[in-house]
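Peer 1: The structure under discussion is supplied below as structure tokens; questions concerning it will follow.
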Amino acid sequence: MANKNIPSNNPEYRRRKKVEKEFKALLSAEGHGTLFPPGSNYLAGASEKELARRNLRREKLIVDAIKYNLWVPQIMRDQVNRPPDENPKVPDEDEGQDPF
3 MANKNIPSNN PEYRRRKKVE KEFKALLSAE GHGTLFPPGS NYLAGASEKE
53 LARRNLRREK LIVDAIKYNL WVPQIMRDQV NRPPDENPKV PDEDEGQDPF
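Just so you know, we're using our numbering here: the sequence shown kicks off at 3 and counts up by one.
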């Protein structure tokens, strides 16, 4: 039986380290944190199903990175947590109802 008190045996610690490693690879693949764009597009040649699968995995990874308080570029944050509309749609009429 494994000792749960050692930090490296803690499942949450292992999950955080895995997210850090995968998110760092995602950042470098997309060209964030570098002076030059990536040499090749890692999405080139993938089928539509594969692109959808990668996009879901990417969004889950970004959400996990935000959860673990990692540095996430604002562009990625906005893709996952879309900002609210500045001018939300309001009905033109009150439909005859009292405000209170």
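We put the beta carbon where it would ideally sit given N, CA and C, even for glycine.
(1) Beta carbon of residue 25, beta carbon of residue 74: below 9 angstroms?
(2) Do you know whose CA, among 69, 90 and 89, lies nearest residue 83's CA?
(3) Should residue 63 and residue 21 be called a contact, given that it needs their Cβ atoms to be closer than 9 angstroms?
(4) Quick one: Cα of residue 11 to Cα of residue 66, how far?
(5) Under 8 angstroms by Cβ, that's how I've got residue 28 and residue 60 pegged, so tell me the actual separation to the nearest angstrom.
Peer 2: Quick answer:
(1) Residue numbering aside, residue 25 sits at position 23 when the sequence shown is read from its first letter. Residue numbering aside, residue 74 sits at position 72 when the sequence shown is read from its first letter. A contact, by the Cβ cut-off of 9 angstroms.
(2) For the purposes of this step, residue 83 is taken as the residue at position 81 of the sequence shown. When 69, 90 and 89 are compared, the shortest CA-CA separation from residue 83 is found for 69.
(3) Taking the sequence shown and counting its residues from 1, the one referred to as residue 63 is at position 61. Taking the sequence shown and counting its residues from 1, the one referred to as residue 21 is at position 19. Yes, they are a contact pair.
(4) Taking the first residue of the sequence shown as 1, we reach residue 11 at position 9. Taking the first residue of the sequence shown as 1, we reach residue 66 at position 64. Approximately 20 angstroms between the Cα atoms of the pair.
(5) In the sequence shown, residue 28 corresponds to position 26, counting from 1. In the sequence shown, residue 60 corresponds to position 58, counting from 1. Between residue 60 and residue 28 the Cβ distance is about 7 angstroms, and since that is below 8 angstroms, they are a contact.
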